[in-house]
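Just below is one structure, and these are the notes that go with it.
Residue numbers (my numbering), protein chains in the order written: chain A, 74 to 399; chain B, 2 to 500.
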């Protein structure tokens, strides 16, 4: 009895999403022999890295009942600033790389600060503020770069980007994974993480318990900006370019991963592990469908359907969880 | 003339878990009269209205409308039968025109297209019935409160409502607007509309009322012609009797020095500044009608809402309270009137809720010490007598009384010095109430300064050392425990409304 209840609870939480992921992997392995190979798994890891990194920050924002639509544009702007710094011939390579990292992370955190501050100070839904930032950052990226792509990064930088550990795990996946683990630890084990959940559930109760809820909300947006900055560097590591037109639609992938992972759009409920599994599901789907021979258009339709299906499943899970309690 | 009552209630009962809202109420409303309904907070007036309009369903008894059994399934059902409420808060759509609002239930249509010509003609006619001269194309958002009320009334009248229920219609009106409203009520009466009129303002009901029914603690007390009763008679009828709950008052406990002193605190939009103080170990009761400024005052004191001025002193030292954060830092706490939306986080567990106001005590360098938190929560559960299998339990699954104990536990953990309770026992059953009174007393003996706002007069009389009475935003009375007297308190509470 207790055992089955524990199992149900496990399924109701991250376990359910994990199960979906396992089923997908199993189905693709049977359908396409080329799917379940070490090389392909290495590919998938590389493909999901950037989305995973952005989703870590997105999870914080969505847990607060907000949303950040500007992550894709901010990422483009961050690559442009970082690209300018890294290709600066007057700087020694080490300094150039370091300043590129600082520039990428700094500008996206600044964008996050703007998003958070404006939405908190004037009580504007973050949907609107970040929609504005989406355009501002894109415009700034195009302006600063003169609409040109930046490339020819230092060789050592590019070499790190294509490195794999144990000839399986791509370097950028390790970065994403570390970011995810940090995100998980903060959310699960710190006062800050506790406040994120509490505010997402009932901001007024938290405020009346003597907390300045605005500070926490702004911090969540700044943290989201931080993950975007890291993702920008990862993008440059992977593709060795910085471009003002990249990152279009990244916000939707990050939102999809977060929501598939079980985070509620109204806030207060969800987990980092879930988000990571959500990003894995999207990655496995995209990769697997390609391998079994679906074209781009069909893949897009299936992925879209899966997102909706996951959310429907989630509301059903919630109902099940409620009846479990009674 | 038809002497049969238009509306008749026979032995109607409505109960909620732990509270009986209406008990065995029988009364009759005559066709074409203005029938006044009075009673203290919680007397059952609102429940009665909700039964008549199909929001609540009676647990027992029967209702008759024009001689037929009457059991409305929804507000729409009640409205179609001819019974309608004009609410204090209006149910109008601000961005639609007056005409569209009046005919929202059934817009005149032609093959699915709205027949605007007919709509505006009909609306004009409806507005004429209430003597309201305005273009029906005007958007509702442009109207003032009194005008919106006229639109609501026009809506009711035009749809041939036979019974019109008005719930505190004059609460937000100026005296000139009130006179206009009374004129309209006269007109409606002449047209044969029956009006049920609910009001705290005991003076004004004499201007328009024919008969009055008094409710008390959910029970029917009397129905009399207004001409046979004075205001004092009414107050006497409204005064409740002791419902027999034992109150653990400890008269021996010594009071200490003044902890909190409030001077000229002005609530946002309030009419009068208020001043009061609380001593160590004292329970100060705050009484008054709903909307008399009790809740607004304690919320402004706590920084939950902005105050418009005033000084607050703690142990004689002036402090600035601009937000709940400031208040909590200075040792104040507020247990809000609305427990579920402002007191607890329903979907998080007891431990999280209880430690929320002082996370520093259960964390080190920003990391939560989960073992410490569990231990502390267990201690608080014990101390407050919260009934739960474990501190991991989600608060939503607890009863109202236990949820309230969780909020209490939160402030105990914070070690607040001044505890403000707004309706601490609302919606809580009798057994759990008693436990909460015991906790209040324990806190007082620990030397806390306690302020209790309550609509339950028996409760305040039972537990307070001293009582302040609010009336229309003003403190109209202050009584010491040995001077507590239901009648006196009520007359203070109604003071500003009688004048």
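Note that CB positions come from ideal geometry on N, CA and C, so glycine has one too.
Asked	Found
Do residue 322 of chain B and residue 316 of chain B have their CB atoms nearer than 8 angstroms?	no
On the criterion of 16 or more Cβ atoms from any shown chain inside 10 Å, does residue 195 of chain A qualify as buried, or is it exposed?	exposed
Answer with yes or no whether the minimum CB distance from residue 454 of chain A to chain B is below 8 angstroms.	The structure shown does not extend to residue 454 of chain A, since chain A spans only 74 to 399, so no value can be given for it.
For chain A, check one thing: does any of its Cβ atoms lie closer than 8 angstroms to the Cβ of residue 451 of chain B?	no
List the whole-angstrom C-beta distance separating residue 472 of chain B from residue 493 of chain B, where the pair is believed to meet the contact cut-off of C-beta under 8 angstroms.	6 angstroms
Kindly provide the ranges of any alpha helix (DSSP H) runs that are 4 or more residues long and lie completely inside the stretch 368 to 438 of chain B, ordered along the chain.	371 to 385 and 401 to 415
Is residue 135 of chain B helix, strand or coil when you go by DSSP?	coil
Is the separation between the beta-carbon of residue 36 of chain B and that of residue 197 of chain B shorter than 8 angstroms?	yes
Are the C-beta atoms of residue 388 of chain A and some chain B residue less than 8 angstroms apart?	no
What three-state label does DSSP hand residue 155 of chain A in the structure shown?	helix
In or out: residue 101 of chain B buried (at least 16 other Cβ within 10 Å) or exposed?	buried
Alpha carbon to alpha carbon, what distance is there between residue 450 of chain B and residue 419 of chain B?	5 angstroms
If we count Cβ pairs, one from each stretch, closer than 8 angstroms, do we get three or more for the stretch 277 to 285 of chain B versus the stretch 256 to 267 of chain B?	yes
DSSP three-state label for residue 391 of chain A, please.	helix
Taking C-alpha atoms, which residue in B/372, B/54 and B/86 lies nearest to residue 76 of chain B?	B/54
Got a sec? Which residues, its chain only, sit under 6 angstroms from residue 391 of chain A by beta carbon, not counting five neighbours each side?	none
Taking the runs of the alpha helix (DSSP H) that are 4 residues or longer, which of them lie wholly in the stretch 13 to 80 of chain B?	46 to 53
Which residues, in chain order, does the stretch 319 to 331 of chain B contribute to contact with chain A at a C-beta distance below 8 angstroms?	324, 325, 326, 328, 329 and 330
Who are the neighbours of residue 263 of chain A on chain B, taking C-beta pairs under 8 angstroms?	364, 367, 368 and 369
Compare the Cα-Cα distances from residue 277 of chain A to each of B/305, B/467 and B/23 and report the closest residue.	B/305
Should residue 244 of chain B be flagged as near chain A, meaning a C-beta pair shorter than 8 angstroms?	Any answer about residue 244 of chain B is weak, because its pLDDT of 48 lies below 50 and its placement is not dependable; what the coordinates show is given next. Judged by the 8 angstroms Cβ criterion, residue 244 of chain B is not in contact with chain A.
Using 8 angstroms as the Cβ pair cut-off and three pairs as the minimum, do the stretch 103 to 121 of chain B and the stretch 166 to 176 of chain B touch?	no
Suppose contacts are defined by Cβ-Cβ distances below 8 angstroms. Is residue 323 of chain A in contact with residue 130 of chain A by that definition?	no
Using the Cβ count rule (16 or more neighbours within 10 Å means buried), how would you classify residue 350 of chain B?	buried
Between residue 279 of chain A and chain B, is there a C-beta pair that is closer than 8 angstroms?	yes
With DSSP collapsed to three states, give me the class of residue 304 of chain B.	coil
In chain A, which residues lie with their C-beta within 8 angstroms of the C-beta of residue 391 of chain B?	By Cβ distance, chain A contributes nothing, its closest Cβ being about 13 angstroms from residue 391 of chain B, past 8 angstroms.
Assuming residue 142 of chain A and residue 190 of chain A make a contact with CB atoms under 8 angstroms, what is their CB distance in whole Å?	That pair is no contact at about 17 angstroms.
From the DSSP output, read off the bridge partner residues of residue 344 of chain A.	Note: residue 344 of chain A sits in no beta bridge, so no partner.
Under a CB-based cut-off of 8 angstroms, is residue 74 of chain A close to chain B?	Note that residue 74 of chain A scores 43 on pLDDT, short of 50, meaning its location in the model is unreliable; the coordinates nonetheless yield the value given after this. By this cut-off, residue 74 of chain A is not an interface position.
Leaving out five residues on either side along the sequence, give the residues of the same chain with a beta carbon under 7 angstroms from the beta carbon of residue 357 of chain B.	411
Unbroken beta strand (DSSP E) runs of length 3 or more, entirely within the stretch 250 to 285 of chain B: which are they?	259 to 266 and 275 to 280
Per DSSP, what kind of secondary structure is residue 106 of chain B in: helix, strand or coil?	coil
Ignore the nearest five residues each way along the sequence and tell me which others in residue 286 of chain A's own chain have a CB closer than 6 angstroms to its CB.	272, 276, 279 and 280
What is the rounded straight-line gap between the Cα of residue 216 of chain B and the Cα of residue 200 of chain B?	12 angstroms
Kindly list, in the order they appear in chain A, the residues whose Cβ is closer than 7 angstroms to that of residue 27 of chain B.	None at all; the shortest Cβ gap to chain A is about 38 angstroms.
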